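Residues in the sequence shown are numbered consecutively from 1, following UniProt numbering.
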Amino acid sequence: MQINAVKKGGSYDLTVKFGKSVMDSPADIPKDSVKPSMDVKVGGADKGSVKVEGPTNAEPIKSGQPIEIPDLKGTYKPGATGKATLTPGVLTVNALGTTTTCTPEKDPGVSLALDTSAQQGGTSGGATGGDSGGAAASGGSAAGPDSVSGGSSGGLAETGAGDHGALTALGLVAGTVILLGGAVFTFLPRRRARVR
Numbered sequence: 001m002q003i004n005a006v007k008k009g010g011s012y013d014l015t016v017k018f019g020k021s022v023m024d025s026p027a028d029i030p031k032d033s034v035k036p037s038m039d040v041k042v043g044g045a046d047k048g049s050v051k052v053e054g055p056t057n058a059e060p061i062k063s064g065q066p067i068e069i070p071d072l073k074g075t076y077k078p079g080a081t082g083k084a085t086l087t088p089g090v091l092t093v094n095a096l097g098t099t100t101t102c103t104p105e106k107d108p109g110v111s112l113a114l115d116t117s118a119q120q121g122g123t124s125g126g127a128t129g130g131d132s133g134g135a136a137a138s139g140g141s142a143a144g145p146d147s148v149s150g151g152s153s154g155g156l157a158e159t160g161a162g163d164h165g166a167l168t169a170l171g172l173v174a175g176t177v178i179l180l181g182g183a184v185f186t187f188l189p190r191r192r193a194r195v196r
């Protein structure tokens, strides 16, 4: 997951990008039925959260198919001057009248740090509410004078079959059993030959 920010005046246009699907569809879902959103946590000099949202699904999704999360977008208006940090929060997916949340398995850490100036009507600006980012490193590569991006080392809980480690391990065990069985079958005929 990656958070990008483009400065526009005193505010920032945020884009949250996902590298892969975070879940498989539990049922057939018609188009325009899945709506993702996330509250990006603001810390450091500033406090609060920024809601980012994505469009609904443009195509139907079959049962068992991965639900691809589109780019989530929102605007961050700083409420304090200093170095503010942005951290991915809980992903919320509204589909077919139900709400599913994907919480990070572990603290993903700060994804992006921005030098901000307080804006009227900005986030809570140091008031209670929101986690402090602590000693955060500046996020990722610069994509231009007014554009920055950062990545998150943590990941959302994988509810799909993205990790094939367990399947690979089972395959190796099964292969070993087959090889051992072959060794027994090739060994027994030789013993019988010696008896004769």
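Just so you know, even glycine gets a beta-carbon here, dropped at the ideal spot from N, CA and C.
The structure presented is a predicted model; accordingly, all values stated were derived computationally and were not measured.
{"Check": "Could you check the C-alpha separation between Met23 and Ala5 for me, to the nearest Å?", "Outcome": "26 Å"}
{"Check": "With a threshold of 7 Å on Cβ separation, who are the neighbours of Gly64 within its own chain once the five nearest residues in sequence on each side are excluded?", "Outcome": "Asp24, Ser25"}
{"Check": "For Gly122, count neighbouring C-beta atoms within 10 Å of its own C-beta (all shown protein chains included) and say buried if the count is 16 or more, exposed if not.", "Outcome": "buried"}
{"Check": "Does DSSP put Gly43 in a helix, in a strand, or in coil?", "Outcome": "strand"}
{"Check": "Roughly how many angstroms lie between the CA atoms of Thr116 and Asp46, to the nearest whole one?", "Outcome": "9 Å"}
{"Check": "Is the Cβ-Cβ distance between Lys106 and Ser11 less than 9 Å?", "Outcome": "no"}
{"Check": "What separation, rounded to the nearest whole angstrom, lies between the Cα atoms of Lys62 and Thr75?", "Outcome": "33 Å"}
{"Check": "Give me the Cα-Cα distance between Gly9 and Asn94, rounded to the nearest whole angstrom.", "Outcome": "32 Å"}
{"Check": "For Gly171, does the three-state DSSP call read helix, strand or coil?", "Outcome": "Below a pLDDT of 50, predicted positions are generally treated as unreliable, and Gly171, at 34, falls in that range; no measurement from the model is reported."}
{"Check": "Using C-beta distances below 6 Å, list every residue in its chain close to Thr100, excluding the 5 sequence neighbours before and after it, in chain order.", "Outcome": "Val93"}
{"Check": "Confirm, please, whether the CB-CB distance from Lys17 to Gly3 is below 9 Å.", "Outcome": "The sequence shown places Ile at residue 3, rather than the Gly named in the question. Their beta carbons are under 9 Å apart, which means Ile3 touches Lys17 by this criterion."}
{"Check": "Between Val50, Lys35, Ser33, Asp32, which has its C-alpha nearest Gly79's C-alpha?", "Outcome": "Val50"}
{"Check": "Let's test the definition: count the other Cβ atoms within 10 Å of the Cβ of Lys31 and tell me whether it reaches 16, buried, or not, exposed.", "Outcome": "exposed"}
{"Check": "Can you check DSSP and say which residues form a bridge with Gly74?", "Outcome": "Leu14"}
{"Check": "Tell me Pro36's beta-bridge partners as DSSP assigns them.", "Outcome": "Val93"}
{"Check": "Kindly indicate the opening and closing residues of the beta strand (DSSP E) around Gln2.", "Outcome": "2-8"}
{"Check": "Given that a residue counts as buried once 16 or more other Cβ atoms are within 10 Å of its Cβ, and exposed if not, what is Pro55?", "Outcome": "exposed"}
{"Check": "So what's Ile29 in DSSP terms, helix, strand or just coil?", "Outcome": "strand"}
{"Check": "Between which two residues does the beta strand (DSSP E) carrying Ala113 extend?", "Outcome": "112-116"}
{"Check": "So, for Thr159: in the same chain, excluding its five sequence neighbours on each side, which residues have a beta-carbon less than 6 Å away from its beta-carbon?", "Outcome": "Low local confidence applies: a pLDDT of 31 at Thr159 is under 50, so the model's placement there is unreliable, and no value is given."}
{"Check": "If you follow the beta strand (DSSP E) that Gly122 is part of, which residue opens it and which one closes it?", "Outcome": "That residue, Gly122, is in no beta strand (DSSP E); it is neither H nor E in DSSP."}
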